[in-house]
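Read through the structure below, which is laid out as structure tokens, and then see the notes.
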Amino acid sequence: MHFLALIVSLQLAVAAILDPSTAASGKSPQIALSNKITACPGKVQREQQLLTEFLDQVRQNEPGVLEFELSLAPQDNVFLTYEIYANQHAIDIHLNTTYFAHLINAEQAEGTKCANNSVIIPLSKVYSIRRGH
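Below, the structure is given as structure tokens:
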């Protein structure tokens, strides 16, 4: 298991302990999270290419990934994700795919990231506006 996968699993376990209502109800709730990815100067385009190639695979192969948005703050070399998964099983599948491993290995081999990812999980939606898809 990759380090990021372990961290996400631990964060979800803690969240379940803090909010046992979902476990008691027998429901498997949707899980939202955000991820901050810091690219190294001069490596932003390559990191973006790696991420979009990865997300193409996610779109094609993972119906449990309900939403995945990738945004870039170019002045800071920072990518932000907003991700919604159908349940914990969908996250487990996502983190254990060959293309996830390829992304992690390529980032390490090519030195595209300057910091470890910062994952915030779970997120609770407070307010949302979404118009015209």
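In full-length UniProt numbering, the protein residues as written are 1 to 133. Idealized CB from N, CA, C, for every residue including glycine.
| Asked | Found |
| --- | --- |
| Taking the alpha carbon of ASN35 as the point to measure from, which residue in SER124, ILE120, GLN57 and ILE129 has its own alpha carbon closest? | ILE120 |
| Between the Cα of GLU53 and the Cα atoms of TYR82, ILE37 and LEU103, which residue gives the shortest distance? | LEU103 |
| DSSP state of ASN35, grouped into three classes? | strand |
| Give the range of the alpha helix (DSSP H) segment to which ALA86 is assigned. | That residue, ALA86, is in no alpha helix (DSSP H); it is neither H nor E in DSSP. |
| Run through the stretch 39 to 86 for me and flag every whole alpha helix (DSSP H) of 4 or more residues, listed as ranges in chain order. | 44 to 61 |
| Helix, strand or coil for ILE120? Go by DSSP, reduced to three states. | strand |
| Could you check if ALA115 is buried or exposed, using at least 16 other CB atoms within 10 Å of its CB as the buried criterion? | exposed |
| Are the CB atoms of GLU69 and ILE84 within a distance shorter than 7 angstroms? | no |
| Kindly give me the distance between the Cβ atoms of LEU50 and ALA101, rounded to whole angstroms, as I take these residues to be in contact under 8 angstroms. | Going by Cβ atoms, the distance from LEU50 to ALA101 rounds to 12 angstroms, so no, they are not a contact pair. |
| Would you kindly check if the distance between the Cβ of HIS94 and the Cβ of GLU47 is under 7 angstroms? | no |
| For the alpha helix (DSSP H) holding ALA99, just list the boundary residues, first then last. | The question names Ala, yet the displayed sequence has Tyr at residue 99. Unbroken alpha helix (DSSP H) run through TYR99: 98 to 110. |
| For LYS113, which residues does DSSP report across the bridge? | ALA39 |
| What whole-angstrom Cβ distance do ILE129 and ILE31 have, given they're in contact under 8 angstroms? | At roughly 22 angstroms, the Cβ-Cβ gap does not stay under 8 angstroms, so ILE129 and ILE31 are not in contact. |
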